[in-house]
Amino acid sequence: MSDEEDSEAVAIAAAYALLQEAGDFDDRCLVGDLKPADDDDEEVYYDDDDDDLPFEDNGAEAEIARLEEQLSINAYDYNCHLDLIKLLRQERDAYRLRRARRNMSEIFPLTEELWLDWLKDEIPQAKEDSEREKIYELFERAVKDYICPGIWLEYAQYSIGGIGQEGGIARVRAILERALIAVGLHVTKGAAIWETYREFENAILATMQPAPGSVPTPEQQQNIKAQLEKIHSLYRRQLGVPLIDMESAFLEYENWTEEPIPEAALQNYAKALKELQKYKPYEEALLVAEIPKLAEYQAYIDFEMKVGDPARIQLIYERALDENCLVPDLWARYTQYLDRQLKVKELVLSAHERAVRNCPWTVKLWNQYLMAMERHHVEHQVISETFEKALNASFTQATDYVEIWQAYLDYLRRRVDFTQDSSKELEELRSAFARALKYLKQDVEERFSESGDPSCTLMQAWARIEARWCNNMQKARELWDFIMVKGNAKYANMWLEYYNLERAHGDALHCRKALYRAVQCTQDYPEHVCEVLLTLERIEGTLEDWDTAVQRTETRLARVKEQRAKAVAKEAALAKQEEERAEQRKQAQARKKALKKSQKPNTGVKRKAGGDGEWEEEEEAASLLVKRLKESRGPILDEEDLEELRELELEMNTELEIELGLFGRKADHKPKEEGAAAKWKDTPKVLHDSKKEGRTVFVSNLSYNMAVPEARLHSLFASCGEVAEVRSIYSNKGTFRGYCYVEFKDERSTLQAFELDRTVVEGRPMFVSPYVDKSKNPDFKVFKYSTALEKHKLFISGLPFSCTKEELQKVCKAHGKVKDIRMVTNRAGKPKGLAYVEFENEAQASQALLKMDGLTIKGHVIKVAISNPPSRRFPEKPESQSQDLNLRQPSRTRRKRRTQLAMVPRALQRHNNPASKAENGTVQNPPATPSPSAERPKMSNADFAKLLLNK
18 MSDEEDSEAV AIAAAYALLQ EAGDFDDRCL VGDLKPADDD DEEVYYDDDD DDLPFEDNGA
78 EAEIARLEEQ LSINAYDYNC HLDLIKLLRQ ERDAYRLRRA RRNMSEIFPL TEELWLDWLK
138 DEIPQAKEDS EREKIYELFE RAVKDYICPG IWLEYAQYSI GGIGQEGGIA RVRAILERAL
198 IAVGLHVTKG AAIWETYREF ENAILATMQP APGSVPTPEQ QQNIKAQLEK IHSLYRRQLG
258 VPLIDMESAF LEYENWTEEP IPEAALQNYA KALKELQKYK PYEEALLVAE IPKLAEYQAY
318 IDFEMKVGDP ARIQLIYERA LDENCLVPDL WARYTQYLDR QLKVKELVLS AHERAVRNCP
378 WTVKLWNQYL MAMERHHVEH QVISETFEKA LNASFTQATD YVEIWQAYLD YLRRRVDFTQ
438 DSSKELEELR SAFARALKYL KQDVEERFSE SGDPSCTLMQ AWARIEARWC NNMQKARELW
498 DFIMVKGNAK YANMWLEYYN LERAHGDALH CRKALYRAVQ CTQDYPEHVC EVLLTLERIE
558 GTLEDWDTAV QRTETRLARV KEQRAKAVAK EAALAKQEEE RAEQRKQAQA RKKALKKSQK
618 PNTGVKRKAG GDGEWEEEEE AASLLVKRLK ESRGPILDEE DLEELRELEL EMNTELEIEL
678 GLFGRKADHK PKEEGAAAKW KDTPKVLHDS KKEGRTVFVS NLSYNMAVPE ARLHSLFASC
738 GEVAEVRSIY SNKGTFRGYC YVEFKDERST LQAFELDRTV VEGRPMFVSP YVDKSKNPDF
798 KVFKYSTALE KHKLFISGLP FSCTKEELQK VCKAHGKVKD IRMVTNRAGK PKGLAYVEFE
858 NEAQASQALL KMDGLTIKGH VIKVAISNPP SRRFPEKPES QSQDLNLRQP SRTRRKRRTQ
918 LAMVPRALQR HNNPASKAEN GTVQNPPATP SPSAERPKMS NADFAKLLLN K
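The numbering of the sequence shown is this note's numbering, which starts it at 18 and goes up by one.
Here's what the structure looks like:
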């Protein structure tokens, strides 16, 4: 070894020792922990060759096998990858853990946390130089997934631990320079990289100082001067970048340097300070905002776009994507900016690759990726492999597969040299078209029950290529014949497209043939194709051709006119019938109203002659319903029908009282029981009090058999705050109506009371809603769940009634992270076989939709769809139904509630096709239906009221 090499080795060793002493560095230390590694605390892992060692089965092996099998079926299950890695890490199975991480990283970019965990597990095993090189490779893969300051900092610190190797100092400087380029402009976290770089150079400088009392040689003086210049340069470069707490770096520079700071550096520092003030509002907005911070990041991006610094624009995009990696639109804007502005091959393709790995279900990102690869002249084999990956990305719509095939076919067309009669590229294009049509027919239609390409756009493109570039009109005509057979012959635009192709590349004979077929087959706009045919014959045809065309078009248009007249007449007849039915209903209502006026001259609150106080028309409606039930089911009503009738009576009477403002005003009522009378005396006899709205809640859907509801609800709502009064509502018979008003002394208590909504009380979900005056707010209705499209939430139907929330969660969590499950029940708290499942994000919901739709649970095939509830519509009651029931309609118009649709219970709806009910389905075993002509004893309204009230 020469003297020069010997001195360099001594300097490196001294610098390494100094770094260990100053920063507690150890080449075996774990990432994120710069304390010296402790042999007693070091995690134990097996080597790759030790996979045949006995594995202690502690019950987790079965779960590991299940997760691995699930990933073999669907490799894009992100949460399944996470669960497998977590479990293998707990079991300390190094070989399978490394393989699981490698498999996941090939499909998805890993987050900063996942990469740091991986590196933390691998670094203790890297003791030889060859093993350290594998760690460097891991770091290189990590910094490509996301631009994270934390990973770059750990990479730099790990490289400093290897300066004892040959070329170690140069490698550290190269890594630190790359880190400065990548994250050195980060306003809040970039200073850490600059500080690490300076400390490293200062440590090198310390090793160059001569021993105390010795005189440095000229060579040493020259090396020290060069090292000092490097540190000066780092300080000046950092002070020219707007970073948080840059004033401290400036003071540190002043204390470190023995020379005056150059004027240019001071000017750059002042400029950076001024720029920092512009960045602070955006950084503060990000600091206080809640995830996902999309609006704040977009404002920051817009600001950087106006400034126009490409490095800063790239950095803010990367920061936004680090927290919003599953937002396809953000990736699309970022990659589009790189394509149009930077145009650096490595940078552009890397961003596109990360985009499709983060959002593989977005076809737009794949299309942009394919075009970017073509734009930068990537090898054809690589582009083809990327396209195959796109086909396996599990798109959520059939049209997405059409788009990706169209993009790939366009790429293949641009590769073909059509000046040659035949070439390898042309044959590949034709085979790709054939494969695309077969793929859409077999794979896509089978999966989505639709082709995604009803207009046959791919086949049209193939026909245009054959006609224009290959001069093969015979093949083009064959393709268009197939297009028309696929159901497109009735559309004028399809025939005109074919005609234009023949016009440009065919002959007059086939042009006429196409137009005559169009005249005969077109159903939407036959006038248009007739006009085109006449124009063609006027310009190019003979007199005989013209006469034939006129005769054919006139015959066709006459037939079309006749068909349209019939359709209009049919619509008019239907409209007239509807008007007549509406007029009949109006006249019937007028007759009923006149009859009531003649029987009851006093307008206003109309009560029965017996003085019971029930609303006459509502009681008659309920009585008639009882009659219909007896006719359809026999003399005995089951518990479900009685419960339905009670709810119907309660809702009809309650709504009418609300409209008339008669809550609690029962002074004319005379209850038969003393207990009931006492309750009525305690009932406040006042109208809606707007002053109490803020501290009162309306509680409904309570059990009618609740004993002493005032005491029960007082104790139930006591946890929300001090209860001032509980006003329970009773019927004229003294029975509890199932709803009440709870008044608090403090308005803040009402907010806590709303949290008790849907709490099960005595077997029924209790509804807690605001206290409002419905006479002033007739359309007021509280529904705490969203009724709009929610792409991260699934609607599941067809569930067995016995399925519990826990059982459904167990099924759903295999496809993503489940945030919430809502089992839909009726008013009595009984399940309806429906559920809403909320996932963490849209991607997981899409994957769950694909895997769970059609799944069998306890013998029931479920249906799964994205949550998008339709707007509630209340169908008008059929005429026949209205005539059969002969129900009296209220004199004033009221909005129908859900339980009032057509006023027909389930038993009556089964009248035409009765069937005994099974769990979430029907069993075809119809009971005997009594003859409609059979004699039935007539009963009075009082008899029906007794039946309704269980007398």
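Note that the Cβ used here is the ideal one computed from N, Cα and C, for glycine as well.
Can you grab the Cα-Cα spacing for the pair residue i / residue j, in whole Å?
i           : j           : result
residue 419 : residue 872 : 27 Å
residue 197 : residue 255 : 10 Å
residue 65  : residue 373 : In this prediction, residue 65 has a pLDDT of 41, which is less than 50 and means its spatial position is unreliable; what the coordinates show is noted afterwards. Straight-line Cα distance between these residues: approximately 31 Å.
residue 784 : residue 711 : 17 Å
residue 382 : residue 460 : 22 Å
residue 429 : residue 445 : 8 Å
residue 605 : residue 719 : 37 Å
residue 114 : residue 858 : 26 Å
residue 409 : residue 82  : 24 Å
residue 70  : residue 194 : Bear in mind that a pLDDT of 40 at residue 70, under 50, signals an unreliable position, so the model cannot answer this.
residue 843 : residue 781 : 9 Å
residue 375 : residue 551 : 56 Å
residue 200 : residue 465 : 45 Å
residue 522 : residue 539 : 23 Å
residue 559 : residue 495 : 29 Å
residue 473 : residue 591 : 37 Å
residue 395 : residue 349 : 20 Å
residue 681 : residue 743 : In this prediction, residue 681 has a pLDDT of 41, which is less than 50 and means its spatial position is unreliable; nothing more can be read from the coordinates.
residue 286 : residue 245 : 20 Å
residue 914 : residue 415 : Unreliable positioning characterises residue 914 in this predicted model, as indicated by a pLDDT of 42, which lies under 50. The coordinate reading is nonetheless provided below. Those two C-alpha atoms are separated by around 39 Å.
residue 729 : residue 119 : 60 Å
residue 487 : residue 425 : 19 Å
For residue i, which beta-bridge partners are listed by DSSP?
i           : result
residue 474 : Looking at the DSSP assignment, residue 474 forms no beta bridge with any residue, so it has no partner.
residue 877 : 874
residue 165 : According to DSSP, which records beta bridges pairwise, residue 165 is partnered with nothing at all.
residue 837 : 855
residue 757 : 716 and 745
residue 177 : Note: residue 177 sits in no beta bridge, so no partner.
residue 784 : 717
residue 842 : 848
residue 882 : 812
residue 740 : 761
Only counting the same chain, and skipping five residues up and downstream in sequence, which positions put a Cβ closer than 7 Å to that of residue i?
i           : result
residue 764 : 711 and 712
residue 863 : 378 and 413
residue 227 : 233 and 237
residue 108 : 77
Please work out which residues of its chain come closer than 8 Å, Cβ to Cβ, to residue i, disregarding the five sequence neighbours upstream and downstream, and give them in chain order.
i           : result
residue 866 : 413, 811, 881, 882 and 883
residue 313 : 299, 302, 303 and 306
residue 879 : 813, 814, 815, 816, 869, 870, 871, 872 and 873
residue 621 : For residue 621, the predicted model reports a pLDDT of 45, less than 50, meaning its position is unreliable and no value from the coordinates is stated.
residue 168 : 129, 132, 133, 156, 159 and 160
Which two residues bound the contiguous beta strand (DSSP E) that contains residue i?
i           : result
residue 811 : 807-814
residue 411 : Unbroken run through residue 411: none, as it is neither H nor E.
residue 776 : 776-778
Only counting the same chain, and skipping five residues up and downstream in sequence, which positions put a Cβ closer than 6 Å to that of residue i?
i           : result
residue 771 : 785
residue 253 : 282
residue 321 : 329, 330 and 333
residue 506 : 538
Since residue i and residue j are thought to touch, with beta carbons under 8 Å apart, how far apart are those beta carbons, to the nearest angstrom?
i           : j           : result
residue 263 : residue 222 : Not confirmed; about 23 Å, so no contact.
residue 840 : residue 822 : 5 Å
residue 833 : residue 96  : 5 Å
Check for me: the alpha helix (DSSP H) holding residue i runs from which residue to which?
i           : result
residue 399 : 397-408
residue 456 : 441-456
residue 465 : 462-465
residue 299 : 280-305
residue 89  : 78-90
Return no unless some Cβ of chain B is closer than 8 Å to the Cβ of residue i.
i           : result
residue 147 : Here there is only one protein chain, and chain B is not present.
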